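Number of protein chains: 2
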Amino acid sequence: MATTATVEVAAEPKYWHLRTVLVQAIESEFTTGQTLPNERDLSARFGVARATLRQALEQLELEGRLHRRRGAGTVVAGPRVDITIGTHDEGWPGVEPGDRDLVDGTTAAVPGRLAAQLGVRPRAMVHRVRRRQLSMRQPVGIECLYVPRAVVPRVPELLGDNRRAALVLRHLRNNTLEGLTRSVEVGVAEPEEARLLERPPGTAVLVVTTAYTAGGRTAALAVATYRADTCRLAFGEDAPIGARSAS
Amino acid sequence: MATTATVEVAAEPKYWHLRTVLVQAIESEFTTGQTLPNERDLSARFGVARATLRQALEQLELEGRLHRRRGAGTVVAGPRVDITIGTHDEGWPGVEPGDRDLVDGTTAAVPGRLAAQLGVRPRAMVHRVRRRQLSMRQPVGIECLYVPRAVVPRVPELLGDNRRAALVLRHLRNNTLEGLTRSVEVGVAEPEEARLLERPPGTAVLVVTTAYTAGGRTAALAVATYRADTCRLAFGEDAPIGARSAS
DNA sequence: GAGTGGTCTAGACCACATA
DNA sequence: ATGTGGTCTAGACCACTCA
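Those protein sequence lines, which keep their order, are chains Y and E. Once you know that position 194 of the first sequence is 194 in the numbering used here, the rest is easy, because the numbers rise by one and skip nothing. Once you know that position 183 of the second sequence is 430 in the numbering used here, the rest is easy, because the numbers rise by one and skip nothing.
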């Protein structure tokens, strides 16, 4: 029994200790927007392999404390962007604060996984309107609205994206949306989505799925994916929780 | 200009292609709960390094398609657990479906980052009640309630965790909660939290922060962290979206 | 073109679960 | 005791940004 009374029963992994050290450094010696030393220098300074350092950086990015851009560098992040998630039909038919970007508007067969949620046959035709949300010139989310063609039938196939999207949205606005069901979960960005969000494929995203009901059926389904590193979802009518409330 | 007309401008990373192959394999050749071959075999089979395979597996786990347990193996996951997030004071004062586990009940100085959100002085004393949510014997979330001692002063310091927690909750239930503000974001689990969730440190979690207001002030703050891989947050009164609605 | 983060490799050892 | 996933290393090359 030569067990020395080491209090260090923890034995936390190296990447976690590294993360803690980096958090302290970020909070005490750096300010928002400031660039950190590059990964090779940092790993050398801390005496760890670059992969281990990267594991810590990845977690800090997921927490929204850092932003990394290939070729550019790693900078200290500011507070997360608040994405307001309304209790009502907010978001789609209306106009909201913040810049938005029309990506495209198409009509095609419903993606297999969404047929059940939309309440349509597996290969039914649906309109899809996709737009991108920006915040301070940075892309933060992709919002995708699916509307069964049965709900909005009169959209000529030949129109351009902009006109088609406008038609679908106007039609929907005239509908009386009665209620909605919503869920939030974590997903990963597919390559195209990732490109629009200016992130590598597989980046963690918050997926907000909203089913709009009208006339006892699902009239539309919105699937919004927000960058998990930069976004916080804010619910309720009041102002977001901790934001700028320090007197 | 010897540019051959290669359509393959994509050049997606290897881990993403691997992910796609694995998704197809999981969906076609495996069923929920089934164990996959181990990582060394899989990486050999696909002709990649183990680290590359693990990058794909990590994403699949984050998506909730796989569960990995050290020493045990990698199994195909079932559908995510729906965590109901009510519009009212649901969750804390009341009782809800699903098993819960009291972790501890303490009274200590408020954690620095929460003082502003609770509307108390930086080193003010707060009661903390912490419990764990289980689903089918698996831990899925840690729910932590902070109540300023100014709101519930009459809790003897000497009581055991169970009694203290019960007192705080009963006191809070007698209060008239007037409203709440809520946000959802992604975070990483600290080692202790991670242990309770049976995951490695740094695991991605969904952080739900709810501020309860009563009498024009913040009476309580609930910080709930749910395993991002196994949980989906369901909002609204209706049943969750796609769940079991296929007739 | 220099410097950055992103991808990928081929190993090694450790902590844990299970039988 | 065996086998699993978890951690860590020391390299290499690629894709991208920016001066």
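From the three backbone atoms N, C-alpha and C, an ideal C-beta is built for every residue, glycine too. Quick caveat: nothing in here was measured; it's all calculated off a predicted structure.
Query raised in the report: Under the DSSP definition of a beta bridge, which residues are partnered with residue 131 of chain Y?
Result: Y/102, Y/143
Query raised in the report: Hey, which unbroken runs of the beta strand (DSSP E) at 3 residues or more fall wholly within the stretch 253-318 of chain E?
Result: 313-316
Report task. Step through the CB atoms of chain Y and report whether any lies within less than 8 Å of the CB of residue 402 of chain E. Result -> no
Query raised in the report: In or out: residue 352 of chain E buried (at least 16 other Cβ within 10 Å) or exposed?
Result: buried
**Report entry** Near-chain E residues of the stretch 167-186 of chain Y - C-beta to any C-beta below 8 Å
**Finding:** 179, 180, 181, 182, 183, 184, 185, 186
Query - Distance, residue 307 of chain E Cα to residue 277 of chain E Cα - result: 14 Å
Requested in this report: With residue 363 of chain E as the anchor, note down where its alpha helix (DSSP H) starts and where it stops.
Outcome: 362-365
Query raised in the report: With contact counted as at least three CB pairs below 8 Å, one residue from each stretch, are the stretch 416-431 of chain E and the stretch 454-469 of chain E in contact?
Result: yes
Query - For residue 82 of chain Y, the residue or residues it bridges with in DSSP - result: Y/232
Query raised in the report: Which of the three DSSP states, helix, strand or coil, is assigned to residue 401 of chain E?
Result: coil
Report task. Report buried or exposed for residue 341 of chain E, applying the criterion of at least 16 other Cβ atoms within 10 angstroms of its Cβ. Result -> Here residue 341 of chain E scores only 47 on pLDDT, less than 50, and its place in the model should not be relied on; the value that follows carries that caveat. Exposed, by the Cβ-count rule.
Query raised in the report: Within this structure, are the beta carbons of residue 129 of chain Y and residue 165 of chain Y separated by less than 8 Å?
Result: yes
Query raised in the report: Is the CB of residue 140 of chain Y under 8 Å away from at least one CB in chain E?
Result: no
Report task. Report the rounded CA-to-CA distance for residue 111 of chain Y versus residue 153 of chain Y, giving the unit in angstroms. Result -> 18 Å
Report task. Under 7 Å between beta-carbons, which chain E residues line up against residue 188 of chain Y? List them in chain order, please. Result -> 306, 309, 310
Report task. Using the Cα positions of residue 46 of chain Y and residue 473 of chain E, report the straight-line distance between them to the nearest angstrom. Result -> 32 Å
**Report entry** 8 Å Cβ cut-off: residues of chain Y touching residue 259 of chain E
**Finding:** 191, 201
Query raised in the report: residue 468 of chain E: which of E/302, E/447, E/312, E/366 sits nearest, CA to CA?
Result: E/366
**Report entry** Neighbour list for residue 397 of chain E in chain Y, Cβ cutoff strictly below 8 Å
**Finding:** Result: empty, since nearest Cβ-Cβ is about 18 Å, beyond 8 Å.
Query raised in the report: Residues in its own chain within less than 6 Å of residue 203 of chain Y by CB, not counting five upstream and five downstream?
Result: 189, 194
Requested in this report: Determine the DSSP secondary structure at residue 198 of chain Y, reduced to helix, strand or coil.
Outcome: coil
Report task. Could you work out which residues of chain E lie near residue 15 of chain Y, taking near to mean beta carbons separated by less than 9 Å? Result -> 448, 449
Query raised in the report: Going along chain Y, which residues have a C-beta under 7 Å from residue 327 of chain E?
Result: 185
Query - 8 Å contact criterion, which residue 354 of chain E and residue 372 of chain E should meet: CB distance rounded - result: 6 Å
Report task. Classify residue 189 of chain Y as helix, strand or coil using the three-state DSSP reduction. Result -> coil
Query raised in the report: Do residue 199 of chain E and residue 415 of chain E have their C-beta atoms within less than 8 Å of each other?
Result: As shown, chain E starts at 248 and ends at 494. That puts residue 199 of chain E outside it, with no answer to give.
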